[in-house]
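Asker: Residue numbers for the sequence shown follow the working numbering, so the first one is 20 and each next one is one higher. Sharing a structure below in structure tokens format, with a few things to ask.
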Amino acid sequence: MFMGIVSFIIFLLQIYSYILLARVLLSWFPNLDRSNPTVDAIVRTLYSLTEPVLSPIRNALPPTAGIDWSPLIVFLGITILIRLLIAF
């Protein structure tokens with residue numbers, strides 16, 4: 020039972036890392052047509068899922084030379100957390 024819960028948490032963390040990756044990739048395309056309702060819904064969903072996690076890190080560690088380090092720190096945190104859960 021306990022391993023099932025740990026496996027489910029690891030699964031959720033992996034899904035969140037894919038969501039975060041989609042957000043990072045989306046930031047590379049600033050000229051997306053946001054007037055398209057489907058594109059706008061996807062962008063707003065990705066931002067609403069990732070911004071609560073990224074914002075506190077961004078406030079603590081402001082961008083350096085125009086680079087936002089918060090997604091990298093979250094990826095690192097997710098990786099460490101998954102490794103700890105696997106070892107547990």
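Yeah, the Cβ is synthetic: ideal placement off N, Cα and C, and Gly gets one too.
Go through its chain and collect everything with a Cβ distance to Asp59's Cβ below 8 angstroms, but skip five positions before and after it.
Answerer: The answer, listed in chain order, is Arg53.
Asker: Could you check which residue in Pro71, Asp87, Leu104, Ile105 has the C-alpha nearest to that of Val43?
Answerer: For Val43, the nearest C-alpha among the options comes from Asp87.
Asker: Rounded to the nearest angstrom, what separates Ser74 and Ile92 at their Cα positions?
Answerer: Approximately 12 angstroms, taken between the alpha carbons.
Asker: Hey, could you find the ends of the alpha helix (DSSP H) Asp59 is sitting in?
Answerer: Unbroken alpha helix (DSSP H) run through Asp59: 56-79.
Asker: Taking Cβ positions, are Thr69 and Ile34 nearer each other than 8 angstroms?
Answerer: No. Outside cutoff.
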